[in-house]
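Student: Chains as they are written, first to last, in this note's numbering: chain U, 4 to 180; chain P, 45 to 705. Beta carbons are placed, not taken as given, at the ideal position from N, Cα and C, and that holds for glycine. First the structure, which I've put down as structure tokens, then a few questions once you've had a look.
What follows is the structure, encoded as structure tokens:
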């Protein structure tokens with residue numbers, strides 16, 4: 004009997020995998036609550052991507068409503084949202100600060116020069132320490148931070164036109180208003 | 045008319061596949077020779093009808109029949125004919141058909157080349173492959189019909205994705221799919237053997253050449269994909285840990301573990317249950333990989349949702365094939381029993397360690413690849429898991445595997461003595477260390493990572509040389525030529541494949557350690573110097589292509605300090621007329637010790653351009669290593685012993701004994 008249990012392990016593992024797939028096929032979209040919402044944005048001090056001599060901290064953005072967008076040159080999904088960010092930066096509705104996450108400085112700058120730079124600046128988080136404070140578990144992620152430095156919204160995954168029109172821009176307008 | 049014929053051929057093929065599976069299983073179960081005798085001819089018929097369907101689709105593409113939806117979406121009359129042909133598998137529907145065609149070819153090959161094997165086993169193998177065919181043909185006919193008509197016909201097609209308009213892309217998917225689908229043979233042998241309750245050395249010997257062949261094709265397929273990414277994406281990168289790449293890499297890892305585990309099962313009769321499981325896993329990963337890529341779940345967010353029938357069908361199919369085979373495994377494997385025992389230091393142990401490391405690496409890659417999918421499936425958002433994760437987990441797992449790989453062939457079966465291993469490999473060990481410490485100084489700067497990488501590669505080569513030397517010295521034949529001839533092809537194949545791994549490691553280590561990449565803005569007449577080469581940007585000119593217009597840059601390359609132009613490079617920026625998409629064509633001067641790589645970025649003000657100039661030392665060794673691995677595999681499977689007819693009739697142990705060189 005024990006033998007059958009042992010050799011059945013692959014089958015059970017596969018069944019769990021299938022369960023995941025099946026749930027994924029039927030489940031309705033739902034919101035992910037982030038523990039950081041309505042909490043002050045964690046402070047940090049990082050060098051800027053393009054100029055290692057200058058530092059950036061969220062304190063510098065106090066008094067402004069701004070977006071913190073976590074990206075990386077190795078991130079494939081970032082290429083999906085990037086054109087939207089570039090487009091948004093042209094309208095100057097809201098300043099976007101980049102957080103270049105676990106990247107190489109050269110790669111990051113190269114990426115921006117190829118795909119366009121929508122950021123007022125990018126902070127360079129090569130060790131991913133700031134990412135830990137912000138609960139980043141994947142790239143891209145985007146935070147909406149208000150004038151008092153409080154996180155008001157978190158977008159996990161690429162920003163879509165829909166998320167932009169329905170959530171992010173109205174929220175920015177409200178916070179500014 | 046032709047598309048309808050193609051569609052009809054698919055329906056006939058489906059009927060034949062059903063018959064192939066049913067007759068084979070019933071025949072093998074009842075032992076009726078008349079029924080078993082039909083399986084080969086039905087399989088051949090099934091293959092011919094799938095081939096006819098494929099030919100019909102290819103004809104529709106080459107003749108630009110824009111009354112077929114698939115052709116409209118993926119082709120254009122301005123495309124050169126070879127890309128119109130390659131566009132046949134440029135779509136989801138077409139690639140599924142290519143998959144099914146490959147399955148037909150492999151089944152046909154089994155029918156032709158396995159006449160010396162026991163009738164009942166081969167019948168079951170063909171039956172299992174027939175079942176897989178049924179699944180794929182149903183999938184195509186029900187959810188992914190490539191022959192769907194567009195009435196009225198369109199005047200022009202929307203063009204093939206420019207990324208795919210490349211010679212590499214003509215050959216890459218067929219190669220890759222040949223490899224993927226080839227694992228279906230190993231899988232079918234495993235299931236057939238489980239059903240027969242006969243998992244012995246003979247079974248391992250019969251499925252070994254098929255597995256090796258599939259593995260070789262997969263290796264070449266992945267290599268071509270990597271080369272393509274290198275020159276076509278314009279970044280100079282050769283591996284991105286992209287989900288699509290991982291989908292092909294996971295079966296490769298499982299297949300690599302499988303061919304080593306099969307060696308143990310063939311020679312020693314051990315690892316049987318594990319080998320069977322690996323055969324199932326390798327093919328299951330091919331299936332999962334194909335679907336993950338082709339259904340687009342990993343690249344576009346809601347591909348399942350856009351056509352729920354496809355998603356549900358895929359899931360059902362995976363459940364039946366993978367779940368079914370794992371259930372058979374759970375049911376039959378406990379009776380397989382254990383093989384001969386072996387000591388903690390022995391070739392078996394080393395191969396076991398290799399298998400465990402490969403399996404863990406596989407699990408790590410799988411976790412990284414599917415993690416975004418899980419989150420996405422649970423609607424937790426879409427994320428990327430990138431190279432930082434994969435590099436961090438993959439290389440530490442592979443380094444010990446490669447280290448042991450050099451020892452494995454030297455160790456004897458059953459029991460090996462550590463002092464003896466040390467005696468045989470101490471020179472190789474010493475030479476590898478000394479060379480690895482010194483070599484980085486020759487290349488430029490010294491770093492522990494580079495020295496370590498070089499040491500791993502040198503260790504493999506040196507241990508291989510030592511082994512070849514000792515084997516020749518110990519051979520009873522007189523004269524060098526006789527000694528060379530006396531060794532088996534599969535032994536040479538193994539040595540060459542292992543040297544291939546070493547070449548690959550050299551390539552990766554040196555290119556990562558010493559490459560120079562420069563991204564800069566260049567106006568005509570400006571120079572830049574990297575790694576002793578002087579690049580002068582001469583300017584750009586317009587160049588019309590068949591279905592695109594290109595801007596071509598011209599670069600003069602000189603050795604630093606010389607006035608002699610020894611090389612001109614012409615990178616292009618193409619804009620495709622039908623889709624308006626732009627595409628970068630890098631210009632590369634390849635070489636044994638370095639590639640010079642220039643690609644155009646974006647135009648800046650005036651005549652200036654963003655330019656990427658790369659110096660890539662030893663980068664071609666990466667693919668050279670892959671080619672050597674594949675070559676080794678092909679040599680191994682042309683070994684004489686796989687073609688011996690008497691092997692079929694002799695009991696397994698005796699046959700294995702007799703075959704030992």
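Under 8 Å Cβ to Cβ from residue 300 (chain P), same chain only, skipping five residues before and after it: list those, please.
Tutor: Taking the first residue of the second chain as 1, we reach residue 300 (chain P) at position 256. So the list reads 259, 402, once near-sequence residues are dropped.
Student: Please list, in chain order, the residues of the stretch 374 to 394 of chain P that have any C-beta partner in chain U closer than 7 Å.
Tutor: Cβ contacts with chain U: 374, 377, 378.
Student: Between residue 484 (chain P) and the rest of its own chain, which residues show a CB-CB distance below 8 Å, the 5 nearest in sequence each way excluded?
Tutor: Taking the first residue of the second chain as 1, we reach residue 484 (chain P) at position 440. Closer than 8 Å at Cβ, skipping near neighbours: 490, 491, 494, 495, 498, 557.
Student: Give the residues of chain P in contact with residue 127 (chain U), contact being defined as C-beta atoms less than 8 Å apart.
Tutor: Sequence index remark: in the first chain, residue 127 (chain U) carries index 124 (1-based). Per Cβ cutoff of 8 Å: no residues; residue 127 (chain U) is ~14 Å from chain P at best.
Student: Note down, in chain order, each residue of its chain lying with its Cβ closer than 6 Å to the Cβ of residue 89 (chain U), except the 5 sequence neighbours on either side.
Tutor: On the first chain, residue 89 (chain U) is found 86 positions in, with the first residue counted as 1. If we look at residue 89 (chain U) and ignore the five residues flanking it on each side, its Cβ neighbours are 119, 121.
Student: Beta-carbon within less than 7 Å of residue 511 (chain P)'s beta-carbon, same chain only, minus the 5 sequence neighbours each way: which residues are those?
Tutor: Stepping through the second chain from its first residue, residue 511 (chain P) is reached at position 467. Excluding sequence neighbours, residue 511 (chain P) sits near 453, 454.
Student: Checking contacts by CB at 7 Å: is residue 117 (chain U) closer than that to chain P?
Tutor: If you number the first chain from 1, residue 117 (chain U) lands on position 114. Chain P contact via Cβ: present.
Student: Could one say the Cβ of residue 101 (chain U) lies closer than 7 Å to chain P's Cβ atoms, at least one of them?
Tutor: Sequence index remark: in the first chain, residue 101 (chain U) carries index 98 (1-based). Chain P contact via Cβ: absent.
Student: What are the boundary residues of the alpha helix (DSSP H) that includes residue 577 (chain P)?
Tutor: Mapped onto the second chain, residue 577 (chain P) falls at position 533. Segment 577 to 588 is the beta strand (DSSP E) holding residue 577 (chain P); no alpha helix (DSSP H) there.
Student: So residue 136 (chain U) is in the alpha helix (DSSP H); what residue range does that whole segment cover?
Tutor: What you label residue 136 (chain U) is simply residue 133 of the first chain in a count that begins at 1. Residue 136 (chain U) -> alpha helix (DSSP H) spans 132 to 136.
Student: For the alpha helix (DSSP H) that residue 603 (chain P) lies in, which residues bound it at each end?
Tutor: Residue mapping note: residue 603 (chain P) aligns to position 559 of the second chain, counting from 1. Careful: residue 603 (chain P) lies outside any alpha helix (DSSP H), inside the beta strand (DSSP E) at 592 to 603.
Student: Mind pulling the chain P residues with CB within less than 9 Å of residue 21 (chain U)?
Tutor: In the first chain, residue 21 (chain U) corresponds to position 18, counting from 1. Near residue 21 (chain U) (Cβ distances below 9 Å), the residues of chain P are 359, 362, 363, 366, 367.
Student: Cβ of residue 711 (chain P) less than 7 Å from any chain U Cβ?
Tutor: In the structure displayed, chain P extends from 45 to 705; residue 711 (chain P) sits before or after that span and is not available.
Student: For residue 21 (chain U), which residues in the same chain have their Cβ closer than 6 Å to its Cβ, ignoring the five residues on either side in sequence?
Tutor: Locating residue 21 (chain U) in the first chain gives position 18, where the first residue counts as 1. Within the same chain, residue 21 (chain U) has no close Cβ partners at all.
Student: Tell me, to the nearest whole angstrom, how far the beta carbon of residue 44 (chain U) is from that of residue 55 (chain U); I am working on the premise that it is less than 8 Å.
Tutor: Taking the first residue of the first chain as position 1, residue 44 (chain U) is located at position 41. Taking the first residue of the first chain as position 1, residue 55 (chain U) is located at position 52. About 23 Å separates the two Cβ atoms, so there is no contact after all.
Student: For the stretch 102 to 113 of chain U, list every residue whose C-beta sits within 8 Å of some C-beta in chain P, in sequence order.
Tutor: Within the stretch 102 to 113 of chain U, the residues whose Cβ lies closer than 8 Å to some Cβ of chain P are 105, 109, 112, 113, listed in chain order.
Student: Please tell me whether residue 77 (chain U) has its Cβ less than 7 Å away from any Cβ of chain P.
Tutor: Locating residue 77 (chain U) in the first chain gives position 74, counting from the first residue. Taking Cβ atoms only, chain P reaches closer than 7 Å to residue 77 (chain U), which makes this a yes.
Student: Kindly indicate which three-state DSSP category residue 99 (chain U) falls into: helix, strand or coil?
Tutor: Locating residue 99 (chain U) in the first chain gives position 96, where the first residue counts as 1. Here residue 99 (chain U) sits in strand by DSSP.
Student: Do residue 94 (chain P) and residue 128 (chain P) have their CB atoms nearer than 7 Å?
Tutor: As a first step, residue 94 (chain P) is located in the second chain; it is residue number 50 there, counting from the start. As a first step, residue 128 (chain P) is located in the second chain; it is residue number 84 there, counting from the start. Result no, Cβ atoms of residue 94 (chain P) and residue 128 (chain P) do not sit closer than 7 Å.
Student: Could you confirm whether any beta carbon from chain U is found closer than 7 Å to the beta carbon of residue 281 (chain P)?
Tutor: Position 237 of the second chain, counted from the start, is the residue given in the question as residue 281 (chain P). No, residue 281 (chain P) does not count as interfacial toward chain U.
Student: CA-CA distance, residue 445 (chain P) and residue 465 (chain P)?
Tutor: Sequence index remark: in the second chain, residue 445 (chain P) carries index 401 (1-based). Sequence index remark: in the second chain, residue 465 (chain P) carries index 421 (1-based). If I take the Cα positions, the gap works out to 17 Å.
Student: Can you give me the start and stop residues for the beta strand (DSSP E) that residue 53 (chain U) sits inside?
Tutor: Reading the first chain from its first residue, position 50 is the one you call residue 53 (chain U). From DSSP, residue 53 (chain U) is part of no beta strand (DSSP E); its letter is neither H nor E.
Student: Please report the distance separating the alpha-carbon of residue 685 (chain P) from that of residue 537 (chain P).
Tutor: Translated into positions along the second chain, residue 685 (chain P) becomes position 641. Translated into positions along the second chain, residue 537 (chain P) becomes position 493. Whole-angstrom Cα-Cα distance: 14 Å.
Student: What residues in its chain sit with their C-beta under 7 Å from that of residue 141 (chain P), if we drop five residues either side in the sequence?
Tutor: The residue you call residue 141 (chain P) lines up with position 97 of the second chain. Correct list, in chain order: 97, 98, 101, 184, 190.
Student: In the DSSP output, which residue or residues are listed as bridge partners for residue 612 (chain P)?
Tutor: Position 568 of the second chain, counting from 1, holds the residue named residue 612 (chain P). For residue 612 (chain P), which the question treats as bridged, DSSP gives the partners P:600.
Student: Check whether chain P comes within 7 Å of residue 17 (chain U), counting only Cβ atoms and requiring the distance to be less than that.
Tutor: Reading the first chain from its first residue, position 14 is the one you call residue 17 (chain U). Chain P contact via Cβ: present.
Student: In chain order, what are the residue ranges of uninterrupted alpha helix (DSSP H) at least 4 long that sit wholly in the stretch 460 to 525 of chain P?
Tutor: 462 to 487, 492 to 518, all fully within the stretch 460 to 525 of chain P.
Student: Does the beta-carbon of residue 244 (chain P) have 16 or more other beta-carbons within 10 angstroms, so that it is buried, or is it exposed?
Tutor: Here the question's residue 244 (chain P) lines up with position 200 in the second chain. It counts as buried.
Student: Leaving out five residues before and five after residue 178 (chain P) in sequence, what residues of the same chain have Cβ atoms less than 8 Å from its Cβ?
Tutor: Looking up residue 178 (chain P) in the second chain gives position 134. Excluding sequence neighbours, residue 178 (chain P) sits near 58, 61, 62, 65.
Student: Find the residues of chain P that neighbour residue 14 (chain U), judging by a C-beta separation of less than 8 Å, and give them in chain order.
Tutor: In the first chain, residue 14 (chain U) corresponds to position 11, counting from 1. Within chain P, the residues near residue 14 (chain U) are 367, 370, 371, 373, 374.
Student: Give the secondary structure of residue 433 (chain P) by DSSP, where H, G and I count as helix, E and B as strand, and everything else as coil.
Tutor: One-based indexing of the second chain puts residue 433 (chain P) at position 389. Reduced to three states, the DSSP call for residue 433 (chain P) is helix.
Student: On the three-state DSSP scale, how would you describe residue 447 (chain P)?
Tutor: Here residue 447 (chain P) refers to the residue found at position 403 of the second chain. Here residue 447 (chain P) sits in helix by DSSP.
Student: Check the C-beta distance from residue 146 (chain P) over to residue 222 (chain P) and give it rounded, since I have them as a contact under 8 Å.
Tutor: As a first step, residue 146 (chain P) is located in the second chain; it is residue number 102 there, counting from the start. As a first step, residue 222 (chain P) is located in the second chain; it is residue number 178 there, counting from the start. Between residue 222 (chain P) and residue 146 (chain P) the Cβ distance is about 6 Å, and since that is below 8 Å, they are a contact.
Student: Quick check: what's the CA-CA separation for residue 35 (chain U) versus residue 415 (chain P)?
Tutor: If you number the first chain from 1, residue 35 (chain U) lands on position 32. If you number the second chain from 1, residue 415 (chain P) lands on position 371. Residue confidence for residue 35 (chain U) is low, a pLDDT of 47 falling below 50, so the modelled location carries little weight; the figure read from the coordinates is stated next. Distance between the alpha carbons of residue 35 (chain U) and residue 415 (chain P): 17 Å.
Student: Since residue 574 (chain P) is in the beta strand (DSSP E), which residue starts that stretch and which ends it?
Tutor: Walking along the second chain from the start, residue 574 (chain P) turns up at place 530. Taken as a continuous stretch (DSSP letters only), the beta strand (DSSP E) holding residue 574 (chain P) covers 571 to 574.
Student: Checking contacts by CB at 7 Å: is residue 435 (chain P) closer than that to chain U?
Tutor: Here the question's residue 435 (chain P) lines up with position 391 in the second chain. Not an interface residue.
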